[in-house]
Amino acid sequence: MADNLSYSFALPGGAFCAGLARRAVSDLLIRHDLAELCDTAVLATSELVAAAYRFTPDREMLLRVHSR
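Numbering follows my numbering, with no gaps: position 67 of the sequence shown is 304.
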């Protein structure tokens with residue numbers, strides 16, 4: 238299991254951002270042997286990015302992923 242994982246992703250504004258974010262989080266977790274967290278983390282990522290897009294459409298977003 239990864240120790241103190243911390244990543245940030247800048248996402249361009251647009252409806253397609255949720256897909257980019259899901260893929261980035263999934264790839265990141267798999268790469269760091271945290272695949273057991275993928276389903277929950279990808280769902281949470283999708284919901285958060287979709288809400289951010291809904292309330293601030295077409296604005297750049299910053300997504301941070303941490304694990305301790």
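Every residue gets a Cβ at the ideal spot worked out from N, C-alpha and C, and that includes glycine.
Please tell me whether Tyr244 and Val302 are closer than 7 Å, where the distance is taken between their beta carbons. Locating residue 244 in the sequence shown gives position 7, where the first residue counts as 1. Locating residue 302 in the sequence shown gives position 65, where the first residue counts as 1. Yes, the Cβ-Cβ distance between Tyr244 and Val302 is below 7 Å.
Evaluate Thr282 with the Cβ neighbour count: other Cβ atoms within 10 Å of its Cβ, from every protein chain shown; 16 or more gives buried, anything less gives exposed. Stepping through the sequence shown from its first residue, residue 282 is reached at position 45. Buried: at least 16 other Cβ atoms inside 10 Å.
So, at 8 Å on beta carbons, what are the nonlocal neighbours of Glu284 in its own chain, with the 5 sequence-adjacent residues on each side left out? Mapped onto the sequence shown, residue 284 falls at position 47. Excluding residues within five positions, none has a Cβ falling inside 8 Å.
Name, in chain order, the residues that DSSP records as bridge partners for Val302. Along the sequence shown, read from residue 1 onward, the residue named residue 302 stands at position 65. For Val302, which the question treats as bridged, DSSP gives the partners Tyr244.
Give the secondary structure of Ala255 by DSSP, where H, G and I count as helix, E and B as strand, and everything else as coil. Residue mapping note: residue 255 aligns to position 18 of the sequence shown, counting from 1. Looking at Ala255 - three-state DSSP - the assignment turns out to be helix.
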